[in-house]
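J.:
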Amino acid sequence: MARLVAVCRDGEEDFPFLARQIPLYIDDTLTMVMEFSDDVMNLDSQHINTSRWKQFVEYHSKLKQQDLNTAMMVTSREVFCTLAQLVPCVGCRRSVECLFSRLVESGNPALEPLTVKTTAMLSVTKACLADAKKLYTLFYVHGSKLNDMIDAIPKSKKNKRCQLHSLDTHKPKPLGQLDSVETN
Numbered sequence: 001m002a003r004l005v006a007v008c009r010d011g012e013e014d015f016p017f018l019a020r021q022i023p024l025y026i027d028d029t030l031t032m033v034m035e036f037s038d039d040v041m042n043l044d045s046q047h048i049n050t051s052r053w054k055q056f057v058e059y060h061s062k063l064k065q066q067d068l069n070t071a072m073m074v075t076s077r078e079v080f081c082t083l084a085q086l087v088p089c090v091g092c093r094r095s096v097e098c099l100f101s102r103l104v105e106s107g108n109p110a111l112e113p114l115t116v117k118t119t120a121m122l123s124v125t126k127a128c129l130a131d132a133k134k135l136y137t138l139f140y141v142h143g144s145k146l147n148d149m150i151d152a153i154p155k156s157k158k159n160k161r162c163q164l165h166s167l168d169t170h171k172p173k174p175l176g177q178l179d180s181v182e183t184n
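Here UniProt numbering is used: position 171 in the sequence shown is 171, and no number is missing along the way.
Written as structure tokens, this is what we have:
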């Protein structure tokens with residue numbers, strides 16, 4: 001889904017970002033470049049639930065373009081509220097919020113067909129809105145895969161943080177009894 005393609009150190013700010021790449025700022029002197037795969041919207045017919053697909057196409061064809069545009073615009077507040085309900089780990093939520101904020105500032109199109117406007121509105125490209133198959137793929141195929149991925153993240157027994165953001169992993173381990181170590 002995403003992969004690391006470059007590491008830029010201090011002085012390499014002129015990296016030629018491609019359409020599906022986004023900078024991940026680690027600190028003042030280090031930036032990593034993450035790339036999303038281009039085959040996100042490709043769909044094999046084996047992934048299509050035919051009854052759901054037919055119903056989706058029927059409903060999609062009934063909507064006017066203006067209605068689709070309006071329905072597919074989501075405010076940042078709605079994004080963050082939904083994120084808080086779906087993702088239990090506060091560290092993961094914070095990472096998504098930072099990514100969203102950087103996309104608002106930069107206008108980077110790395111998440112196409114999703115777009116983040118400078119007004120902090122999340123939307124879908126016009127090409128995707130016009131193509132029922134792409135829209136179906138976004139919601140029913142990738143949406144369900146992402147939900148499964150969120151559900152599969154192991155969580156701490158004490159709280160709802162994932163293992164990556166668990167405070168237990170950041171606590172120093174006790175060294176034990178140093179006075180029992182023999183020296184020669």
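Cβ atoms here follow ideal geometry from the backbone N, Cα and C, with glycine treated the same way.
In chain order, what residues of the same chain lie with their CB nearer than 6 Å to the CB of Ala-6, ignoring the 5 residues before and after it?
T.: Excluding positions up to five away in sequence, the list reads Val-33.
J.: Could you pull the start and end residues of the alpha helix (DSSP H) that Glu-112 belongs to?
T.: Glu-112 -> no alpha helix (DSSP H), and no H or E assigned at all.
J.: Beta carbon of Met-72, beta carbon of Ser-144: below 8 Å?
T.: Contact flag unset, no.
J.: Which of the three DSSP states, helix, strand or coil, is assigned to Ala-6?
T.: Three-state DSSP puts Ala-6 in a strand.
J.: Only counting runs of 3 or more residues, tell me where the beta strand (DSSP E) segments fall wholly within the region 67-133, in order along the chain.
T.: For the region 67-133, whole beta strand (DSSP E) runs of length 3 or above, ordered along the chain, are 114-116, 121-124.
J.: Using 8 Å as the threshold, is the C-beta distance between Ser-76 and Ala-127 below it?
T.: Taking 8 Å as the Cβ cut-off, Ser-76 and Ala-127 do not qualify as a contacting pair.
J.: Below 8 Å between beta carbons: does that hold for Leu-111 and Phe-36?
T.: Yes. Within cutoff.
J.: Run through the DSSP bridge pairs and tell me what Val-33 is partnered with.
T.: DSSP output for Val-33 lists Ala-6, Pro-23 as bridge partner(s).
J.: Decide if Ser-51 is buried, meaning its Cβ has at least 16 other Cβ atoms within 10 Å, or exposed.
T.: Answer is exposed; the Cβ neighbour count stays below 16.
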